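Reviewing the structure listed below.
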Amino acid sequence: MPDYTQYRTGEPAVDTKAPAGPVADRWDTRRFQAKLVNPANRRKHTVIVVGTGLAGGAAGATLAEQGYHVVQFCFQDSPRRAHSVAAQGGINAAKNYRNDGDSIHRLFYDTVKGGDFRARESNVHRLAQISVEIIDQCVAQGVPFAREYGGLLDNRSFGGVQVSRTFYARGQTGQQLLLGAYQALSRQIAAGGVELHARTEMLDLIVVDGKARGIVARDLVTGKIDSYFADAVVLATGGYGNVFYLSTNAMNSNATAVWRAHRRGAYFANPCFTQIHPTCIPRTGDHQSKLTLMSESLRNDGRIWVPRAKGDDRPANQIPEDERDYYLERLYPAFGNLVPRDIASRAAKNVCDEGRGVGPGGQGVYLDFAEAIGRMGRKAVEAKYGNLFDMYQRITDEDPYTVPMRIYPAVHYTMGGLWVDYDLQTTIPGLFAIGEANFSDHGANRLGASALMQGLADGYFVLPATINDYLARNPHTGTVDAQHPAVAETVAETEDRINLLLSVDGDRTPDSFHREIGELMWEYCGMARTEDGLRTALARIPEIREEFWRRIKVPGTGEQFNQSLEKANRIVDYLELAELMCLDALHRAESCGGHFRAESQTPDGEAERRDEEFSYAAAWEFTATGAAPVLHKEDLVFEYVHPTQRSYA
Amino acid sequence: MKLTLRVWRQRNAEEPGAMATYEVDGISADMSFLEMLDTLNEELTLAGDEPVAFDHDCREGICGACSLVINGDAHGPERTTTCQLHMRSFADGDTIDIEPWRASAFPVIKDLVVDRSSFDRIIQSGGYISAATGTAPDAHATPVPKPDADFAFEHAECIGCGACVAACPNGSAMLFTSAKVNHLNVLPQGAPERETRVLDMVAQMDDEGFGGCTLTGECATACPKGIPLPSIAAMNREWLRATRKVRR
Numbered sequence: 002m003p004d005y006t007q008y009r010t011g012e013p014a015v016d017t018k019a020p021a022g023p024v025a026d027r028w029d030t031r032r033f034q035a036k037l038v039n040p041a042n043r044r045k046h047t048v049i050v051v052g053t054g055l056a057g058g059a060a061g062a063t064l065a066e067q068g069y070h071v072v073q074f075c076f077q078d079s080p081r082r083a084h085s086v087a088a089q090g091g092i093n094a095a096k097n098y099r100n101d102g103d104s105i106h107r108l109f110y111d112t113v114k115g116g117d118f119r120a121r122e123s124n125v126h127r128l129a130q131i132s133v134e135i136i137d138q139c140v141a142q143g144v145p146f147a148r149e150y151g152g153l154l155d156n157r158s159f160g161g162v163q164v165s166r167t168f169y170a171r172g173q174t175g176q177q178l179l180l181g182a183y184q185a186l187s188r189q190i191a192a193g194g195v196e197l198h199a200r201t202e203m204l205d206l207i208v209v210d211g212k213a214r215g216i217v218a219r220d221l222v223t224g225k226i227d228s229y230f231a232d233a234v235v236l237a238t239g240g241y242g243n244v245f246y247l248s249t250n251a252m253n254s255n256a257t258a259v260w261r262a263h264r265r266g267a268y269f270a271n272p273c274f275t276q277i278h279p280t281c282i283p284r285t286g287d288h289q290s291k292l293t294l295m296s297e298s299l300r301n302d303g304r305i306w307v308p309r310a311k312g313d314d315r316p317a318n319q320i321p322e323d324e325r326d327y328y329l330e331r332l333y334p335a336f337g338n339l340v341p342r343d344i345a346s347r348a349a350k351n352v353c354d355e356g357r358g359v360g361p362g363g364q365g366v367y368l369d370f371a372e373a374i375g376r377m378g379r380k381a382v383e384a385k386y387g388n389l390f391d392m393y394q395r396i397t398d399e400d401p402y403t404v405p406m407r408i409y410p411a412v413h414y415t416m417g418g419l420w421v422d423y424d425l426q427t428t429i430p431g432l433f434a435i436g437e438a439n440f441s442d443h444g445a446n447r448l449g450a451s452a453l454m455q456g457l458a459d460g461y462f463v464l465p466a467t468i469n470d471y472l473a474r475n476p477h478t479g480t481v482d483a484q485h486p487a488v489a490e491t492v493a494e495t496e497d498r499i500n501l502l503l504s505v506d507g508d509r510t511p512d513s514f515h516r517e518i519g520e521l522m523w524e525y526c527g528m529a530r531t532e533d534g535l536r537t538a539l540a541r542i543p544e545i546r547e548e549f550w551r552r553i554k555v556p557g558t559g560e561q562f563n564q565s566l567e568k569a570n571r572i573v574d575y576l577e578l579a580e581l582m583c584l585d586a587l588h589r590a591e592s593c594g595g596h597f598r599a600e601s602q603t604p605d606g607e608a609e610r611r612d613e614e615f616s617y618a619a620a621w622e623f624t625a626t627g628a629a630p631v632l633h634k635e636d637l638v639f640e641y642v643h644p645t646q647r648s649y650a
Numbered sequence: 004m005k006l007t008l009r010v011w012r013q014r015n016a017e018e019p020g021a022m023a024t025y026e027v028d029g030i031s032a033d034m035s036f037l038e039m040l041d042t043l044n045e046e047l048t049l050a051g052d053e054p055v056a057f058d059h060d061c062r063e064g065i066c067g068a069c070s071l072v073i074n075g076d077a078h079g080p081e082r083t084t085t086c087q088l089h090m091r092s093f094a095d096g097d098t099i100d101i102e103p104w105r106a107s108a109f110p111v112i113k114d115l116v117v118d119r120s121s122f123d124r125i126i127q128s129g130g131y132i133s134a135a136t137g138t139a140p141d142a143h144a145t146p147v148p149k150p151d152a153d154f155a156f157e158h159a160e161c162i163g164c165g166a167c168v169a170a171c172p173n174g175s176a177m178l179f180t181s182a183k184v185n186h187l188n189v190l191p192q193g194a195p196e197r198e199t200r201v202l203d204m205v206a207q208m209d210d211e212g213f214g215g216c217t218l219t220g221e222c223a224t225a226c227p228k229g230i231p232l233p234s235i236a237a238m239n240r241e242w243l244r245a246t247r248k249v250r251r
């Protein structure tokens, strides 16, 4: 087999939908250019939406409100459990309610800069514009945002910015926004506009005559594999952070939908752009099944430090002030503890690598609230962060009011995803990707409180406007049913894969393989990447894949509720996606945002971007399992925010 | 530590289930309860047995998927979700009983997994504010007094896990339903549908086969999010007010 790393560079990827003109007018221009579907004709169109998180739930509800027939899927038992529910800190919006100098342009600027100049200006500006409408929409739905005594909405600040533009609902903002979308979706289910299939997992995409026309999905209760048809398919299936095994993602979050779409022809962009979140609870042992995030909002009042001396194993409260190193405040005085996530994570890794880490294995740094408790009083700290402190105490059995928390970075979010144009359409006509599943808005690093903003912007406002154009230009082109050869073939391939997994009957569990690939990725494609390390991983992944198909053991049958089978099937896709992530990381021989190549750093150890060579989004085209993909570059043009070496000092 | 587990095994909704006994060893106090079950499942898989099926997802106490009755208590001995329960709450040598939620409105799917779609249908019957996308006025157009906003939030915290139903001797869903009614009914945005919401949701709750409330209070004791018992009284007042006001 030819070397996987010997990829070919094909035609550039071109976003044909982004209008020209001043950036502030582009969204209006595009909405006017887009063709509309007559309200009476909308009910004749079926749209499949996969996923019910912020993006999917919002899109399903809004499309049904517009009159489309929506068929929606989630693998959870209820749409209310999608992993958006776990987002803690907040949602950004350029409301400027604090009168502190915020504006749409500033949110746009902060996001492009925060993404280390690897996002599209047009998309990011649209996101900033829509942010203000999102807050209005959510308040109208009854989302109980934090309020002040005057009855108006409260705000807080977040990493990477110097204004307070984050709206929040205690430490459960994601939950409250998701319930808002879930309730809007529930209303449409009751009204008959949305047909919901819960506990049903998408296993492949149906492409007929070059267009996305449906999905193959498995009923997780009965095991039945069925095909579902539509005029367009929307993937709102989240990110792929679980390829690392240990991450802050939910246990069942997975990459199967996007990876199967990729195999069917959708380009996958910037797969190596993964976000390592700085404030997670350190792992305690090999039994660890997932990592828990502590909201970034804690960095507003908590101070991060390690002992000045290596191997100082005194308890935190016995280390005097002048023997502590508040390294973020020292290195980045302007932003202090509120530097962007990629910078905070790498700084934590650096001090731990120096041997100054705290806790078991030296894999941790302190996040200390002693000063905040002294300044604000324990009660105020409790009101602001109480639920996070409770969670920390429950997991670690330590009281963060008296002993500083220990934190360590963990995989949290993936900026990469399916390549989409300005309309959020992938390279397969009729297939759209929204929310974390696409690659478009965060560049190489996402700022805090921006994921909720993007998920809801895509779901409530962008997709419902742009999908009209596709549906209007593609009126019914012939019915597709289960007898169609393309459908029968896709269903048969899915059944074969399931049967093969069940028939190997080897001697290793799905989890053991997941853990192995995850550890490999964390080691070589985690916080710091080197050419040697990436080549090591690229040599190892095909071996693990070969071993998987020889030794996997999946008990039970396919015609039943079978969680082992679900896991094993998702690992099949991780074992291919991991390879693409490593190749992307290898090819991008620069550091930018969450992607840190040790070979490309400034003398003082900061990430060094190489704009002349790498100012593009890397969109990869699938060829065959284990065979080199084709690279399509989308050049990034910066007309408004001029690339500079990011400085938060 | 070493433990004896007595676990409810049931192949599917049709076949009867029974308790099965397993021994697990090498359990660390820092493990979560679900990680302890992961350990058991790895052993069962290697032995060629089917692992114990249980619902779980976020493992950080917010998605509401996990749902085990542990030694007779919904979510076990601590006031939290099963996923946030750690093995330090148990002692070496303990015998632990693990069962699914028990309620006729939550039929068993397999082992410890139950069908909670009845909760979704209660929400579909009125647990929302009708505000189609794009219709909203500016977020500051209607100030909400902080006590009302806090009251709404306190009830909006419900994660829909169903522990309240599992803990209730009557299998009642009053705490779940009241949490959503109170969250939305106290807000000015929720006022136009205030009466129909409570009437429709209570009617749906009854149709799903949930039992009546006799104020035993087990629900609020089991609730991992601390939805207070007076939530039920508040809903009863809303219902009474609505029945007087609305001619149906």
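Residue numbers (our numbering), protein chains in the order written: chain A, 2 to 650; chain B, 4 to 251.
Ideal Cβ positions, reconstructed from N, Cα and C, are used throughout, including at glycine.
Quantities reported herein were computed from a predicted structural model and do not represent experimental measurements.
| query | result |
| --- | --- |
| Backbone CA spacing between residue 717/A and residue 80/A [nearest angstrom] | The question about residue 717/A has no answer here: the residues shown for chain A are numbered 2 through 650. |
| Alpha-carbon spacing of residue 94/B relative to residue 80/B, whole angstroms | 13 Å |
| Pair within 8 Å by beta-carbon distance, residue 272/A and residue 581/A | yes |
| Residue 74/A - containing alpha helix (DSSP H), residue span | Where residue 74/A is concerned, there is no enclosing alpha helix (DSSP H), although the beta strand (DSSP E) it sits in stretches over 70 to 74. |
| Contact list for residue 461/A against chain B, beta-carbon separation under 9 Å | 136 and 137 |
| Residue range of the alpha helix (DSSP H) that includes residue 241/B | 233 to 248 |
| Validate contact between the segment 113 to 132 of chain A and the segment 602 to 617 of chain A using beta carbons, cut 8 Å, 3 pairs | yes |
| Which of helix, strand or coil DSSP assigns to residue 304/A | strand |
| Beta-carbon proximity of residue 156/B to residue 145/A, cut-off 8 Å | yes |
| Residues within the segment 59 to 81 of chain B neighbouring chain A, beta-carbon criterion of under 7 Å | 59, 60, 61, 62, 63, 64, 65, 66, 67 and 68 |
| DSSP state of residue 377/A mapped onto helix, strand, coil | helix |
| Sufficient close CB pairs (3 or more, under 8 Å) joining the segment 558 to 565 of chain A to the segment 207 to 226 of chain A | yes |
| Any 3 or more C-beta pairs closer than 8 Å across the segment 224 to 244 of chain B and the segment 157 to 171 of chain B | yes |
| Which of helix, strand or coil DSSP assigns to residue 230/A | strand |
| Assigned secondary structure, residue 596/A (DSSP; H/G/I helix, E/B strand, else coil) | strand |
| Contact check, residue 318/A vs residue 330/A, beta carbons under 8 Å | no |
| Short CB-CB distance (under 8 Å) between residue 469/A and chain B | no |
| Within-8 Å CB hit, residue 224/B to chain A | no |
| Residues near residue 308/A in its chain [Cβ-Cβ closer than 8 Å; skip 5 each side] | 315, 320, 324, 325, 326, 357 and 359 |
| Chain A contacts from the segment 98 to 124 of chain B (Cβ-Cβ distance under 9 Å) | 112, 113, 114, 116, 117, 118, 119, 120, 122, 123 and 124 |
| Candidates 124/B, 189/B, 190/B and 213/B, of which the one nearest residue 175/B by Cα | 213/B |
| Whole-number beta carbon distance between residue 54/A and residue 436/A, since they are thought to touch under 8 Å | 6 Å |
| With 16 other Cβ atoms within 10 Å as the buried cut-off, status of residue 66/A | buried |
| Nearest-angstrom Cβ-Cβ length linking residue 460/A and residue 56/A, presumed shorter than 8 Å | 4 Å |
| Residue burial classification, residue 592/A (beta-carbon count within 10 angstroms, cutoff 16) | buried |
| CB contact flag (residue 160/A, residue 340/A, <8 Å) | yes |
| Euclidean distance between Cα positions of residue 172/A and residue 507/A | 44 Å |
| Burial state of residue 154/B, where buried means 16 or more other Cβ atoms lie within 10 Å | buried |
| Of the listed residues 138/A, 132/A and 486/A, nearest to residue 442/A (C-alpha basis) | 132/A |
| For residue 125/A, the first and last residue of its enclosing alpha helix (DSSP H) | 122 to 141 |
| Beta strand (DSSP E) runs contained entirely in the segment 163 to 215 of chain A, provided each spans 3 or more residues | 195 to 198 and 201 to 209 |
| Contact belief for residue 423/A with residue 616/A at Cβ below 8 Å, rounded distance in angstroms | The Cβ separation is near 19 Å, so there is no contact. |
| Residues of its chain near residue 352/A, where Cβ-Cβ distance is below 8 Å and the 5 sequence neighbours each way are ignored | 307, 326, 328, 358 and 366 |
| Residues that DSSP places opposite residue 634/A in a beta bridge | 619/A |
| Same chain only: Cβ atoms within 6 Å of residue 601/A, ignoring 5 sequence neighbours per side | 591, 592 and 609 |
| One or two residues paired with residue 367/A in a DSSP bridge | 306/A and 407/A |
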